[in-house]
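**Student:** At position 75 of the sequence shown the residue is numbered 1271 (the numbering used here), and the sequence of numbers has no breaks.
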Amino acid sequence: MPMHPHPDSNKPCISVIIPHFNDLEGLQTCLQRLAQQTLDRTQFEVIVADNNSAIGMEAVRAVVGDRAIVVPAVEQGAAAARNAAVASAQGEILAFIDSDCRPAVDWLEQGLKAMAEAEVIGGCMVVSADGDRLHPVEAFEAVFAFNNEAYVKHKGFSVTANLFVRRAVFEAVGGFRVGVSEDKDWCLRAGAMGYRIGYAAQAVVEHPARQNWTELAKKWQRLIREEYRLIREHRWGQLKWLVRSWAVLVSPVAHLFVVLRCHNLRWQDKLNAIAILFRIRLYRFIEAHRVFVAQL
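#1: Can you give me the Cβ contacts of CYS1383 inside the same chain, cut-off strictly under 7 Å, excluding the 5 residues immediately before and after it?
#2: Is LEU1359 helix, strand or coil by DSSP?
#3: If we require 4 or more residues per run, which alpha helix (DSSP H) segments fall completely within the stretch 1351-1419?
#4: Return the CA-CA distance between GLU1411 and GLU1337, expressed in angstroms with no decimal places.
#5: Under 8 Å, do LEU1220 and VAL1259 count as touching if we go by C-beta distance?
#6: For ARG1278, which residues of its own chain have a beta-carbon under 6 Å away from its beta-carbon, when the five flanking residues on both sides are left out?
#7: Along the chain, where does the alpha helix (DSSP H) containing PHE1240 start, and where does it finish?
#8: So does the stretch 1327-1346 actually touch the stretch 1428-1440, counting three or more Cβ pairs closer than 8 Å?
#9: Name, in chain order, the residues that DSSP records as bridge partners for ARG1541.
#10: Would you call the CB atoms of ALA1291 and GLY1307 closer than 8 Å?
#11: Who are the Cβ neighbours of ASP1326 in its own chain at under 8 Å, not counting the five residues just before and after it?
#12: Could you check the C-alpha separation between GLU1483 and ASN1248 for me, to the nearest Å?
#13: By the DSSP assignment, the alpha helix (DSSP H) with HIS1451 in it spans what residues?
#14: May I have a chain-ordered list of the beta strand (DSSP E) segments no shorter than 3 residues that lie completely inside the stretch 1313-1339?
#15: To the nearest angstrom, report how far apart ALA1396 and PHE1366 are at their CA atoms.
#16: Classify TRP1463: buried if its beta carbon has 16 or more other beta carbons within 10 angstroms, exposed otherwise.
#17: Using the C-alpha atoms, what's the distance from THR1238 back to LEU1473?
#18: First and last residue of the alpha helix (DSSP H) that includes LEU1230?
#19: What number of angstroms, rounded off, separates the C-alpha of CYS1297 from the C-alpha of VAL1348?
#20: Starting from ALA1310, follow the alpha helix (DSSP H) in both directions and report where the run begins and ends.
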């Protein structure tokens, strides 16, 4: 059933958790969107966990002002930052979002409604690009980045850029683990304990598309490293890793048609997206084998 604040308590119903690292511009936009939420402001708090940003805590606090609570996260990594924010949270529901994301004005309201259906909820991710002329990487991300509905319904996890969790469930499952794909790892642990994960199409968060090859390659370097640490913990994990890496290499052939069927891109953007598709899958194949050999 829907959750509401306790009548005998001043505690908020929802704690919004934002890890932050050297992105004051993105954080400013995220906080502005949170200030516009349709959910009454007394029903939620916002906690920003700063992950040792080079600009320093005082600069972060100056931007945040009274819109959020700022806490330090000494251990490096988004997982550690989220855990630090949760430790200061008071809400019965934890709403995770990233500092570079832009929540829809009814994001919290829709997420709260969805919590009646499951203990863990993943929301809809929309990739946004500024301007009419897309960089090839932006065109690629418009097609392939953040298919959170497929992640939730077919793989049993949600990205932490749009994740709602009951506080009691989070405490039962434990915090995010550092060094692995923390969103996937946490959700799979929750599922193994019998907790349900659902999808909320109306709880929408925008994420800016990566704008160049360097940003995209850096993203996949991190994801490949974290995913390998996770998969090798399982039986035959390394063998599965090698098999999957070869599947990634040939996957552009099938995904070519996904790009061609995309109605939101112009033909030139589709061609650019296809070029990035083949390039990034080859890069992922090479990087997967590099990580594998390095761990032998």
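The beta carbon of each residue, even a glycine, is placed where N, CA and C say it ideally should be.
**Tutor:** The relevant details are as follows:
#1: In chain order, VAL1316, GLY1352, PHE1353, SER1354, ILE1393 place their CB closer than 7 Å to the CB of CYS1383, counting only its own chain and leaving out the 5 sequence neighbours on each side.
#2: Strand at LEU1359.
#3: Segments of the alpha helix (DSSP H) lying fully in the stretch 1351-1419: 1363-1369, 1378-1388.
#4: Using only the alpha carbons, I get a separation of about 11 Å.
#5: In this structure, VAL1259 lies closer than 8 Å to LEU1220 by Cβ.
#6: The answer, listed in chain order, is ILE1213, PRO1215, PHE1372.
#7: In the DSSP assignment, PHE1240 falls outside any alpha helix (DSSP H) and lies within the beta strand (DSSP E) extending over 1240-1246.
#8: No contact exists between the stretch 1327-1346 and the stretch 1428-1440.
#9: A question about residue 1541 goes unanswered here, because the residues of the chain that appear run from 1197 up to 1492.
#10: Against a cut-off of 8 Å, the Cβ pair of GLY1307 and ALA1291 comes out as a contact.
#11: Cβ within range, chain order: PRO1404.
#12: Their Cα atoms are separated by approximately 28 Å.
#13: The continuous alpha helix (DSSP H) containing HIS1451 extends over residues 1448-1456.
#14: Counting whole runs of 3 or more residues, the stretch 1313-1339 contains the beta strand (DSSP E) stretches 1316-1324.
#15: Straight-line Cα distance between these residues: approximately 19 Å.
#16: Exposed, by the Cβ-count rule.
#17: Rounded to the nearest angstrom, the two C-alpha atoms are 45 Å apart.
#18: Counting along the chain, the alpha helix (DSSP H) containing LEU1230 begins and ends at 1220-1231.
#19: Straight-line Cα distance between these residues: approximately 19 Å.
#20: 1303-1310 is the span of the alpha helix (DSSP H), which, as asked, contains ALA1310.
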